[in-house]
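Taking the numbering used here, the leading residue of the sequence shown gets 298, the next gets one more, and so forth.
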Amino acid sequence: MALKATIFKAELQIADMDRNYYHDHVLTIARHPSETDERMMVRLLAYALNASDALSFGKGLSADDEPDLWQKDLTGAIELWIDVGQPDERRVRRACGRARHVAIYSYGGYSAAIWWNQIGSALARTQNLIVASVPPAASQALARLAQRNMRLNCTIQDQQIWIGDANDRVQVELTLNKASATSLR
Numbered sequence: 298m299a300l301k302a303t304i305f306k307a308e309l310q311i312a313d314m315d316r317n318y319y320h321d322h323v324l325t326i327a328r329h330p331s332e333t334d335e336r337m338m339v340r341l342l343a344y345a346l347n348a349s350d351a352l353s354f355g356k357g358l359s360a361d362d363e364p365d366l367w368q369k370d371l372t373g374a375i376e377l378w379i380d381v382g383q384p385d386e387r388r389v390r391r392a393c394g395r396a397r398h399v400a401i402y403s404y405g406g407y408s409a410a411i412w413w414n415q416i417g418s419a420l421a422r423t424q425n426l427i428v429a430s431v432p433p434a435a436s437q438a439l440a441r442l443a444q445r446n447m448r449l450n451c452t453i454q455d456q457q458i459w460i461g462d463a464n465d466r467v468q469v470e471l472t473l474n475k476a477s478a479t480s481l482r
């Protein structure tokens, strides 16, 4: 018998002063049985950083042909493809061919650095790809915020990111491994 996804609910209040985006989102997050709290919370962080009314969670770990998050236009074309973790080069190339913009949010510290060192040069000329890394201390602190029902606030100003609940607050400073030649926003 297959294990079912665990459902998490999140009320996410976003104040992104860099994009002038201020919105509350009520999200239902299905955590795959093999997914950790850390990965799920990095997915939620990626959502906050790219939030829009059209952004939605994909099947991610459950399907090879869908990302963790994506945004489609009214015709069904993929505007934004977001993966979390350390996808293989072939998956990243396929995503870059299917979507206007692709963002990868890696985490895991040393293993993420090794992953990027192995595939970074092969993806250097990819124009529509941005790769950012979440520091291990931040991703682990985000994991401690995970609860079945969450009320989170995310503030983004001058590329500084703070996310937290009523008790704890986490500052996240992303490391940009690769910038996109086309504007993500």
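No residue lacks a Cβ here, since even glycine has one placed at the ideal position from N, Cα and C. These figures come from a predicted structure and were not determined experimentally.
Asked                                                                                                                                                       : Found
Look at the alpha carbon of L346 and the alpha carbon of T325, and state the distance between them as a whole number of angstroms.                          : 17 Å
Buried or exposed: P384, going by 16 or more other Cβ atoms within 10 Å of its Cβ?                                                                          : buried
At 3 residues or longer, what runs of the beta strand (DSSP E) sit wholly inside the segment 344-382?                                                       : 352-354, 366-369, 375-381
Since I believe M338 is in contact with L442 (beta carbons under 8 Å), could you give me their beta-carbon distance rounded to a whole number of angstroms? : 6 Å
In chain order, what are the residue ranges of uninterrupted beta strand (DSSP E) at least 3 long that sit wholly in the segment 391-439?                   : 396-404, 426-431
With DSSP run on the structure shown, which of helix, strand or coil describes L473?                                                                        : strand
One question on the structure: do I427 and D315 come within less than 8 Å of each other, judged by their Cβ atoms?                                          : no
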